[in-house]
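A.B. asks: The structure follows.
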Amino acid sequence: MAATGSNASEESAFYVSTPIYYVNDAPHLGHAYTTVAGDVLTRWHRQRGEKVWYLTGTDEHGQKIMRTAETNGVSPQEWCDKLVQDAWKPLWEHLEIANDDFIRTTEPRHTERVQEFVQDLYDKGEIYRGGYKGPYCVGCEEYKAPGDLLDGDLCPIHKRPVEWLEEENYFFRLSAYGPRLLEFYEQNPGFIQPASARNEVLQFVRQGLQDLSISRSTFDWGIPIPWDSKHVIYVWVDALLNYVSAVGYGSDQAKFDSTWPADVHLVGKDILRFHAVIWPAMLMANGLPLPGRVFANGWLMVGGEKMSKSNLTGISPRQLTEHFGVDAYRYYFLRAIPFGQDGSFSWEDFSARYTSELANDFGNLASRVAAMVGKYYDGTLPEATDAGAAEQAVAEGLARAVAQADTMIGDNLDFAGGIGAIFDFTRQVNGYLSEQAPWKVAKDESPEGRARLGTILYTAAESLRAVAVLLNPIMPGTAEKLWASLGAEPHLGPLAEQRIADAGTWGRLPAGADVVKGEILFPRLEEVKS
RNA sequence: GGGGCGGUAGCUCAGCCGGUCAGAGCAUCGGACUCAUAAUCCGUGGGUCGUGGGUUCAAGUCCCACCCGCCCUACCA
């Protein structure tokens, strides 16, 4: 984790959150998928020159964690501490996640704010004491909706009779917010994305909402209800509040004002409802601004089965990065799967894209350009003194790629489309080189020949300069290598300071730059293992 | 039970309001080239557009039924 955020200021930050992950177990591909997406999004906005805040963290309360800890013979806190330190934070560092903060729901800075928030709602009459009575399935450990039961009051999952239980709880008046939520969705059509997710939520809310039980008294691993410590706060109410507690709510008003509301909440589609219904209602109830949008990404499917809590048998992130490298890992899932949809992942597909797109199209392009500048100009970038229509076409292709990538990635969260636009451009440059055949022009030692050769190689190198900037949010390690290979830093400054808005401006890399053929960006993969 | 989504070339998928929509990328095969990571560039896709009906001058593109897969249907993160 690199603390890249600046201090709070008047400027409002582009604030992105991941879900806070439940630390019942080690992080898997699904967690990493969402976190990498958020990292690319926030790096992109930083590269635009915006102030950014990227938050991730862990959700550490709840019955399931309590039991897992018991099973392992440690306290819940010890269990969480160990996982966070040994598994979660190290993975994010490994994946080059540049989050600005990492919040844990067991930290006092969170628990105190949660208690205050809930107390506020209680004082306002948004929370009341009530009883809950309903059919409870012991196997599921949860109440079922009466309509879910099979004939004979059987649990639809366990096919066993349910028990009717009654429990005293505190309830949040969620039912009162249905109309206001619908009005909000109507006025903010982009609030829930993608559209399929929005439709599901709309239909759900239109059915009418029931009040939400926000306390539990059957276990104690949670934040106590301030006015009735026999109850702990329902984990989702606890968890959702991390998005405000982490940015100064109730503790640092200036920071809060310059950060909240969040611009994007990234969520898995399984937890969409909590973020698109309960969370906005909670904020409304306490008079706080609502987030800009909630974007639900899909499931990663491995061999047709979803990667999820119940199926952790899949491939671990580290297995993939060991074979393909961290940058290729960051690239692959965003490139191969339209963000927001479910997507199938396979080792074979990863290998195919690595070889075709990363190694052959892109890595090899960088390699051949650097090699030719070295071979024909001793590594000193020549001037482009004879640019014509072919060069113009390349410059235009770049401008188009920059514009498309910026809109798609930065605004639409269409990572696959934006990355595609960048790589289409690299293909264009490969084609340009084939047409111009600088290795043939090099045999022409006339002044005209030399002018053409220099122009061609400059055009290719300048194209790569822009590609390095565009790929920096996605593959920072690789982009840095390319930046170094082009000798750009002495003239243009650090890669991270290059602006997206300037990336498409032609001619930024000056002649005279020291181009060196660095290490291979994407070495050919070892024999396939499975 | 109710609601929604998907089933298009070997693979992953584009195809909005019906009429060059039968496509792209990868893979395959053929050719060119040699600067480069045996890379690149060009050419090459006769696939019942899930099945069966229907509407229409004309249907992946609309309607109906059916088959297959997936998702949602409130308090498990």
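Going by the numbering used here, the first sequence opens with residue 1, and the numbers climb by one from there.
The beta carbon of each residue, even a glycine, is placed where N, CA and C say it ideally should be.
#1: Could you tell me whether any non-hydrogen atom of the ligand NAP is closer than 7 Å to the CB of G30?
#2: Using DSSP with H/G/I as helix, E/B as strand and the rest coil, what is I520?
#3: Have a look at D25 and L83 and give me their C-alpha separation to the nearest angstrom.
#4: Under a three-way DSSP split, which group does K255 fall into?
#5: Helix, strand or coil for K51? Go by DSSP, reduced to three states.
#6: Entirely within the stretch 159-220 and at least 4 residues each: give me those alpha helix (DSSP H) ranges in chain order.
#7: Could you tell me the distance, in whole angstroms, from the CA atom of H265 to the CA atom of T321?
#8: Return helix, strand or coil for F339, following the three-state DSSP convention.
#9: Rounded to a whole number of angstroms, what is the C-alpha to C-alpha distance between E489 and D120?
#10: Using the C-alpha atoms, what's the distance from F102 back to E93?
#11: Does the Cβ of T426 have 16 or more other Cβ atoms within 10 Å, making it buried, or fewer, making it exposed?
#12: Bridge partners for S344 per DSSP, in chain order?
#13: Nearest to H110 by alpha carbon, out of Y243, Y177, G130?
#14: Using 10 angstroms around the beta-carbon of G431, count the other beta-carbons present and answer buried if the total reaches 16, otherwise exposed.
#15: Please classify D59: does DSSP put it in a helix, a strand, or coil?
#16: Examine the Cβ distances between the stretch 406-424 and the stretch 378-388 and report whether three or more of them are shorter than 8 Å.
#17: DSSP beta-bridge partners for V267?
#18: Do T106 and Q77 have their C-beta atoms closer together than 8 Å?
#19: Taking the CB atoms as reference points, tell me whether Y54 and A87 lie closer together than 8 Å.
#20: For D263 and P291, what's the separation of their Cα atoms in angstroms?
#21: Mapping the DSSP letters down to three states, classify D514 as helix, strand or coil.
#22: Could you compute how far the alpha carbon of K517 sits from the alpha carbon of L525?
#23: Let's see if you can read the secondary structure: which residues bound the beta strand (DSSP E) around V114?
#24: So W221 packs on I65, CB below 8 Å; how close in whole Å?
#25: For E112, which option in G250, R46, A403, F256 has the closest C-alpha, if you only look at C-alpha atoms?
#26: Going by DSSP, name the residue or residues bridged to Y22.
#27: At a cut of 8 Å, does the stretch 354-364 reach the stretch 433-450 through at least three beta carbon pairs?
#28: When the Cα atoms are used, what is the spatial distance from F204 to Y15?
#29: Kindly indicate which three-state DSSP category P224 falls into: helix, strand or coil?
#30: Where do the ends of the beta strand (DSSP E) carrying F102 lie?
#31: Contact between the stretch 267-286 and the stretch 177-191 is defined here as three or more beta-carbon pairs at a separation below 8 Å; is this criterion met?
#32: So the candidates are A13, A370, T58; which of them puts its Cα closest to the Cα of Y21?
#33: Find the nearest neighbour of A390 within the set A479, A197, A460, E50, judged by alpha-carbon distance.
#34: Among V114, E445, I456, which residue has its Cα nearest to the Cα of D386?
#35: Excluding the five sequence neighbours on either side, which residues of its own chain have a C-beta within less than 7 Å of the C-beta of T339, listed in chain order?
#36: For Y128, is the classification buried or exposed, using 16 other Cβ atoms within 10 angstroms of its Cβ as the cut-off for buried?
C.D. replies: With the structure as the only source:
#1: With respect to the ligand NAP, the structure offers nothing, as it holds no ligand at all.
#2: Coil.
#3: Distance between the alpha carbons of D25 and L83 is about 7 Å.
#4: Three-state result, K255: helix.
#5: Three-state result, K51: coil.
#6: Those alpha helix (DSSP H) runs which fall completely within the stretch 159-220 and span 4+ residues are 178-187, 195-206.
#7: Taking the straight line joining both Cα atoms gives about 26 Å.
#8: In this structure, F339 counts as coil in the three-state DSSP scheme.
#9: Inter-residue distance for E489 and D120 is about 53 Å (C-alpha atoms, whole angstroms).
#10: Computed Cα separation, rounded: 12 Å.
#11: Counting other Cβ atoms within 10 Å of its Cβ, T426 reaches 16 or more and is therefore classed as buried.
#12: Under DSSP, S344 forms a beta bridge with M301.
#13: If we check each option's Cα against that of H110, Y243 comes out closest.
#14: Sixteen is the threshold: since fewer than 16 other Cβ atoms of the shown chains lie within 10 Å of the Cβ of G431, the residue is exposed.
#15: Secondary structure at D59: strand, using DSSP grouped into helix, strand and coil.
#16: No, because fewer than three Cβ pairs between the stretch 406-424 and the stretch 378-388 fall closer than 8 Å, the two stretches do not touch.
#17: Residue pairing by DSSP places V267 opposite A296 in a beta bridge.
#18: With respect to the 8 Å criterion, T106 and Q77 are classified as neighbours on the basis of their beta carbons.
#19: In this structure, A87 does not lie closer than 8 Å to Y54 by Cβ.
#20: When only Cα atoms are considered, D263 and P291 end up about 6 Å apart.
#21: Residue state, collapsed to three classes: strand.
#22: Straight-line Cα distance between these residues: approximately 20 Å.
#23: V114 -> not in any beta strand (DSSP E); alpha helix (DSSP H) instead, spanning 108-123.
#24: About 6 Å separates the CB atoms of W221 and I65; that is less than 8 Å, so the two are in contact.
#25: Shortest Cα-Cα distance from E112 to any of G250, R46, A403, F256 involves G250.
#26: Y22 has D59 as its beta-bridge partners, per DSSP.
#27: The stretch 354-364 is not in contact with the stretch 433-450.
#28: In a straight line, the C-alpha of F204 is about 28 Å away from that of Y15.
#29: Strand, per DSSP.
#30: First-last of the beta strand (DSSP E) with F102: 101-104.
#31: Three or more Cβ pairs drawn from the stretch 267-286 and the stretch 177-191 lie within less than 8 Å of each other, which places the two stretches in contact.
#32: Comparing alpha carbon positions, the residue from A13, A370, T58 closest to Y21 is T58.
#33: Selected option, being the one with the closest Cα: A460.
#34: Comparing C-alpha distances from D386 to each of V114, E445, I456 shows the shortest one belongs to I456.
#35: The residue asked about is misnamed: residue 339 is Phe in this sequence, not Thr. Hits under 7 Å: A37, N297, L413, D414, F415, A416.
#36: Counting Cβ neighbours within 10 Å, Y128 comes out exposed, since fewer than 16 surround it.
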